[in-house]
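Colleague: I am attaching a structure below and will ask some questions about it afterwards.
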Amino acid sequence: MRLRFHCQNRIGILRDIVSHFVDYGLNVARGEVGGEHGNAIYLHIPNLLNAQLATLKPVLESIPGVFGVRRVSLMPSERRHLELDALLSSLSDPVMSIDMEGHIVAANRAAGQLLGVRIDEVPGLSLNRYLPDVDLPALVRRNNARVNGLRIKLRYATFLADIAPLHREHHDDVASLAGAVVTLHSADRIGERIYQVQRQELRGFDALFQASPRLAALIREARRMAPLDAPLLIHGETGTGKELLARACHLASARGQSPFMALNCAGLPESMAETELFGYAPGAFEGARPEGKLGLLEMTAGGTIFLDEVGEMSPRLQVKLLRFLQDGGFRRVGSDEETYLDVRVICATQQDLPKLCAEGHFRQDLYHRLNVLSLTVPPLRDCLDGIEAMALHFIDRAARQIGCRMPSLSPTALARLSTYHWPGNVRQLENVLFQAVSLCEGDAIEPAHLRLPDVGQAPGLSGIDLDGSLADIMGDVERRILASLYPQYPSSRQLAKRLGVSHTTIANKLRSYGIGAADA
Numbered sequence: 001m002r003l004r005f006h007c008q009n010r011i012g013i014l015r016d017i018v019s020h021f022v023d024y025g026l027n028v029a030r031g032e033v034g035g036e037h038g039n040a041i042y043l044h045i046p047n048l049l050n051a052q053l054a055t056l057k058p059v060l061e062s063i064p065g066v067f068g069v070r071r072v073s074l075m076p077s078e079r080r081h082l083e084l085d086a087l088l089s090s091l092s093d094p095v096m097s098i099d100m101e102g103h104i105v106a107a108n109r110a111a112g113q114l115l116g117v118r119i120d121e122v123p124g125l126s127l128n129r130y131l132p133d134v135d136l137p138a139l140v141r142r143n144n145a146r147v148n149g150l151r152i153k154l155r156y157a158t159f160l161a162d163i164a165p166l167h168r169e170h171h172d173d174v175a176s177l178a179g180a181v182v183t184l185h186s187a188d189r190i191g192e193r194i195y196q197v198q199r200q201e202l203r204g205f206d207a208l209f210q211a212s213p214r215l216a217a218l219i220r221e222a223r224r225m226a227p228l229d230a231p232l233l234i235h236g237e238t239g240t241g242k243e244l245l246a247r248a249c250h251l252a253s254a255r256g257q258s259p260f261m262a263l264n265c266a267g268l269p270e271s272m273a274e275t276e277l278f279g280y281a282p283g284a285f286e287g288a289r290p291e292g293k294l295g296l297l298e299m300t301a302g303g304t305i306f307l308d309e310v311g312e313m314s315p316r317l318q319v320k321l322l323r324f325l326q327d328g329g330f331r332r333v334g335s336d337e338e339t340y341l342d343v344r345v346i347c348a349t350q351q352d353l354p355k356l357c358a359e360g361h362f363r364q365d366l367y368h369r370l371n372v373l374s375l376t377v378p379p380l381r382d383c384l385d386g387i388e389a390m391a392l393h394f395i396d397r398a399a400r401q402i403g404c405r406m407p408s409l410s411p412t413a414l415a416r417l418s419t420y421h422w423p424g425n426v427r428q429l430e431n432v433l434f435q436a437v438s439l440c441e442g443d444a445i446e447p448a449h450l451r452l453p454d455v456g457q458a459p460g461l462s463g464i465d466l467d468g469s470l471a472d473i474m475g476d477v478e479r480r481i482l483a484s485l486y487p488q489y490p491s492s493r494q495l496a497k498r499l500g501v502s503h504t505t506i507a508n509k510l511r512s513y514g515i516g517a518a519d520a
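Under the UniProt record's numbering, think of the first position of the sequence shown as 1, with each following residue one higher.
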């Protein structure tokens, strides 16, 4: 058990506190001092039981200078370790901290993979054995300043190394050097990175297409909602760019410089989703890390959490999320300590949440908490007036990624794109055009290069015979509409009122198609 003592910073207070645990035969495994003015003491007492704490708490709080005692899930050093571990793990480039003898002190997972060892085997390794041609400690001593873009070879691959020296706090000269942090960038990807910097993949709302009037209207709405701190619910089919929109709203808000974290609630077991979102306390369950785990909420403190497919969230998680939205508090799995955070919540769904509420699959009160602000992203088939601009953008990006000349888009290929129903929306368009660029050997993309599956026809054309003239096709559509509605409006007068046409027109059409008994 870990305890935090809010106390006065006075000589002997730690001895007074610890003596009471000695009386119970309890060993204090570790202690730390925290707080801005040293006014907090943390103790780790592994064998302390809840019943013993209940007895000891009044005694401890009666010690002169002790103002309060409470359980905590992590010691300050454990929290720093978890935060550093989470930060390093999120970096795709190898990062290592070395001492002045060239031994690796700490490294991230990418560095372990590069060196060919498990992450727990990295500390203590000599970097010199991997870099026989470069003496990094000597380089750090010689420069005593940051070095950027040093070309090195490590395990048959070429990297550009950024080296940042580490200094002890109380010295300024060379003798104060404690080591360095080395970040390795793959030389093979430098060209791509330079392109990204020069072209600067547009961020925020500038990264969203606005060629279609419907998309432009959506962006105008989103820009007005972005600075607000209330929860935001985004509706839209799969592949429409709901996460891009959520990220744009985050960047355009006062939280834009703070973290943005995303969790897809679909397909995750309840226990995994709960620990990912809320974290867990030390020893919360068999196989858990002894130091516990920070959840995405804590890693997002001050920023924005994006919960995709929130309609898939389990009832238990819905309760915890509702509680967090109400007062900003939650408990990690296996902990009884309350944690309070300032995090904006943006959710997305492709489901009909009001319908799920009516069926009892989604909490009504949670829906109203999430639906303070809402946006609906239109499907691509409703924005086809902007498809040419989108297509040219994706063709340009694909050509740069593949490393080939950018092909044009033939009029017949554009016509094919403009008449397809796009069940996968913008994501499908991007993938189809990437494949088309890779298949194209000439100067233009033709319909033959577009691999568009006919699975899932456009809902309005399902089962309709498209052979014959336009009048024949429209007649078939009209017949289907009347046949579908007549059972609900079983007279020509009722059906005429429903469709907003004259009673005589409907009576004639019902008679013509042989539907019901066309009454006068």
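All C-beta atoms in this analysis are idealised placements derived from N, C-alpha and C, irrespective of residue type, glycine included. All figures in this text were calculated on a predicted structure; none of them were measured in a lab.
I'd like the list of long-range same chain contacts for Glu-61, defined as Cβ closer than 8 Å, with 5 residues on each side in sequence excluded.
Modeller: The residue given as residue 61 occupies position 61 in the sequence shown. Excluding residues within five positions, the ones whose Cβ falls inside 8 Å are Phe-67, Gly-68 and Val-69.
Colleague: Determine the DSSP secondary structure at Asp-133, reduced to helix, strand or coil.
Modeller: To locate residue 133, count along the sequence shown from 1; it is residue 133. DSSP places Asp-133 in coil when its eight states are reduced to three.
Colleague: Which stretch, first to last residue, makes up the beta strand (DSSP E) that contains Phe-205?
Modeller: Locating residue 205 in the sequence shown gives position 205, counting from the first residue. Run containing Phe-205: none; DSSP gives neither H nor E here.
Colleague: Taking only the alpha-carbon atoms, compute the straight-line gap between Ile-104 and Leu-296 and give it to the nearest angstrom.
Modeller: Working through the sequence shown from its first residue, we reach residue 104 at position 104. Working through the sequence shown from its first residue, we reach residue 296 at position 296. The alpha-carbon atoms of Ile-104 and Leu-296 are separated by roughly 29 Å.
Colleague: Closest by CA to Leu-366, which one among His-235, Lys-320 and Gly-514?
Modeller: Taking the sequence shown and counting its residues from 1, the one referred to as residue 366 is at position 366. Measuring from the Cα of Leu-366, the nearest candidate turns out to be Lys-320.
Colleague: Give every residue of the same chain whose Cβ lies closer than 8 Å to the Cβ of Phe-5, excluding the five residues on either side of it in the sequence, and list them in chain order.
Modeller: Residue 5 sits at position 5 when you count from the first residue of the sequence shown. Excluding sequence neighbours, Phe-5 sits near Ile-17, Ala-40, Ile-41, Tyr-42, Leu-43, Leu-60, Val-66, Gly-68 and Val-69.
Colleague: Helix or strand or just coil, what does DSSP make of Thr-304?
Modeller: What you label residue 304 is simply residue 304 of the sequence shown in a count that begins at 1. If DSSP states are grouped into helix, strand and coil, Thr-304 belongs with the strands.
Colleague: Alpha carbon to alpha carbon, how far is His-81 from Ile-234? Give it in angstroms, no decimals.
Modeller: Numbered from 1 along the sequence shown, position 234 holds the residue referred to as residue 234. Numbered from 1 along the sequence shown, position 81 holds the residue referred to as residue 81. In a straight line, the C-alpha of Ile-234 is about 35 Å away from that of His-81.
Colleague: Relative to the C-alpha of Arg-498, which candidate in Tyr-513, Leu-482 and Asn-508 has its C-alpha closest?
Modeller: Start at 1 with the first residue of the sequence shown, and residue 498 comes out as number 498. Closest by alpha carbon: Leu-482.
Colleague: Looking at Glu-337: is its Cβ nearer than 8 Å to the Cβ of Val-72?
Modeller: For this step, residue 337 is matched to residue 337 along the sequence shown. For this step, residue 72 is matched to residue 72 along the sequence shown. A contact, by the Cβ cut-off of 8 Å.
Colleague: On the criterion of 16 or more Cβ atoms from any shown chain inside 10 Å, does Ala-248 qualify as buried, or is it exposed?
Modeller: As a first step, residue 248 must be located in the sequence shown, where it is residue number 248. By the 10 Å Cβ count, Ala-248 comes out buried.
Colleague: Please check the pair Leu-245 and Val-377, which I expect to be a contact at CB under 8 Å, by giving their CB distance rounded to whole angstroms.
Modeller: The residue given as residue 245 occupies position 245 in the sequence shown. The residue given as residue 377 occupies position 377 in the sequence shown. Right, their Cβ atoms sit about 6 Å apart.
Colleague: Kindly indicate the opening and closing residues of the alpha helix (DSSP H) around Tyr-367.
Modeller: Along the sequence shown, read from residue 1 onward, the residue named residue 367 stands at position 367. Note, Tyr-367: alpha helix (DSSP H), 364-370.
Colleague: Mind checking whether Leu-115 and Leu-131 have CB atoms under 8 Å apart?
Modeller: Here residue 115 corresponds to residue number 115 of the sequence shown, with the count starting at 1. Here residue 131 corresponds to residue number 131 of the sequence shown, with the count starting at 1. Cβ distance not < 8 Å, so Leu-115 and Leu-131 don't count as in contact.
Colleague: Straight-line CA distance for Phe-324 to Arg-30?
Modeller: Looking up residue 324 in the sequence shown gives position 324. Looking up residue 30 in the sequence shown gives position 30. Cα to Cα, Phe-324 sits roughly 32 Å from Arg-30.
Colleague: Please go through the region 285-362 and give each complete alpha helix (DSSP H) segment of 4 or more residues, from N-terminal end onward.
Modeller: Entirely contained in the region 285-362, the alpha helix (DSSP H) runs reaching 4 residues are, in chain order, 296-299, 315-327 and 353-358.
Colleague: Does DSSP classify His-421 as helix, strand or coil?
Modeller: The residue you call residue 421 lines up with position 421 of the sequence shown. Three-state result, His-421: coil.
Colleague: When the Cβ atoms of the region 400-411 are set against those of the region 369-376, are three or more pairs found closer than 8 Å?
Modeller: Cβ pair count under 8 Å is below three, so no.
Colleague: Work out the CA separation of Ala-284 and Ser-19 for me, nearest whole Å.
Modeller: Locating residue 19 in the sequence shown gives position 19, where the first residue counts as 1. Locating residue 284 in the sequence shown gives position 284, where the first residue counts as 1. The alpha-carbon atoms of Ser-19 and Ala-284 are separated by roughly 29 Å.
Colleague: For the candidate residues Pro-490, Gly-303, Gly-334 and Ala-348, whose alpha-carbon lies nearest to that of Val-310?
Modeller: Numbered from its first residue, the sequence shown carries residue 310 at position 310. Ranking the options by Cα distance to Val-310, first place goes to Ala-348.
Colleague: Indicate the three-state DSSP secondary structure (helix, strand or coil) for Asn-148 in the structure shown.
Modeller: The residue given as residue 148 occupies position 148 in the sequence shown. In this structure, Asn-148 counts as strand in the three-state DSSP scheme.
Colleague: Exposed or buried, what is Leu-302 when buried is set at 16 or more other beta-carbons lying within 10 Å of its beta-carbon?
Modeller: Here residue 302 refers to the residue found at position 302 when the sequence shown is read from its first residue. Here the sequence assigns Gly to residue 302, which means Leu is not the residue at that position. When all chains shown are included, Gly-302 counts as exposed.
Colleague: Ends of the beta strand (DSSP E) at Val-477?
Modeller: As a working mapping, residue 477 is identified with position 477 in the sequence shown. Per DSSP, Val-477 belongs to no beta strand (DSSP E); it is in the alpha helix (DSSP H), 470-485.
Colleague: Just verifying my parser: in three-state terms, what is the DSSP assignment at Leu-4?
Modeller: The residue given as residue 4 occupies position 4 in the sequence shown. Before going on, a small fix: residue 4 reads as Arg here, not Leu. Arg-4: strand per DSSP, three-state reduction.
Colleague: Label Gly-287 either buried or exposed according to how many other C-beta atoms from any shown protein chain fall within 10 Å of its C-beta, with 16 as the threshold for buried.
Modeller: What you label residue 287 is simply residue 287 of the sequence shown in a count that begins at 1. By the neighbour-count rule (16 or more Cβ atoms within 10 Å), Gly-287 is not buried but exposed.
Colleague: Any idea which residues DSSP pairs Met-261 with across the strands?
Modeller: Residue mapping note: residue 261 aligns to position 261 of the sequence shown, counting from 1. Met-261 is bridged to Ile-305.
Colleague: Taking its Cβ as the centre, do 16 or more other Cβ atoms sit within 10 Å of Leu-215, making it buried, or is it exposed?
Modeller: Position 215 of the sequence shown, counting from 1, holds the residue named residue 215. Burial call: buried.
Colleague: Using the rule of at least 16 other Cβ atoms within 10 Å of the residue's Cβ for burial, across every protein chain shown, is His-368 buried or exposed?
Modeller: The residue given as residue 368 occupies position 368 in the sequence shown. By the neighbour-count rule (16 or more Cβ atoms within 10 Å), His-368 is not buried but exposed.
Colleague: Within its chain, find whatever has a CB closer than 7 Å to the CB of Ala-106; leave out the 5 residues flanking it on each side and keep chain order.
Modeller: Against the sequence shown, residue 106 aligns to sequence position 106. These residues qualify, in order along the chain: Ser-97 and Pro-123.
Colleague: If you measure between the beta carbons of Ile-395 and Leu-370, is that distance less than 8 Å?
Modeller: Within the sequence shown, numbered from 1, the residue matching residue 395 stands at position 395. Within the sequence shown, numbered from 1, the residue matching residue 370 stands at position 370. Contact flag unset, no.
Colleague: Please work out which residues of its chain come closer than 7 Å, Cβ to Cβ, to Leu-341, disregarding the five sequence neighbours upstream and downstream, and give them in chain order.
Modeller: What you label residue 341 is simply residue 341 of the sequence shown in a count that begins at 1. Here the set comprises Leu-297, Glu-298, Ala-301 and Gly-328.
Colleague: Which same chain residues end up closer than 6 Å to Val-345 when comparing Cβ atoms and leaving out the 5 residues on each side of it in sequence?
Modeller: Reading the sequence shown from its first residue, position 345 is the one you call residue 345. Within the same chain, Val-345 has close Cβ partners Pro-231 and Ile-305.
Colleague: Counting beta carbon pairs with one atom in the region 354-361 and one in the region 215-225, are three or more of them shorter than 8 Å?
Modeller: At 8 Å Cβ cutoff, the stretches do not touch.
Colleague: Within the same chain, show all residues whose beta-carbon is closer than 8 Å to that of Arg-15, passing over the 5 residues directly before and after it, in chain order.
Modeller: Locating residue 15 in the sequence shown gives position 15, counting from the first residue. Result list for Arg-15: empty, nothing under 8 Å.
Colleague: Are the CB atoms of Phe-205 and Ala-222 nearer to each other than 8 Å?
Modeller: Translated into the one-based positions of the sequence shown, residue 205 becomes position 205. Translated into the one-based positions of the sequence shown, residue 222 becomes position 222. Going by C-beta atoms, Phe-205 is nearer than 8 Å to Ala-222.
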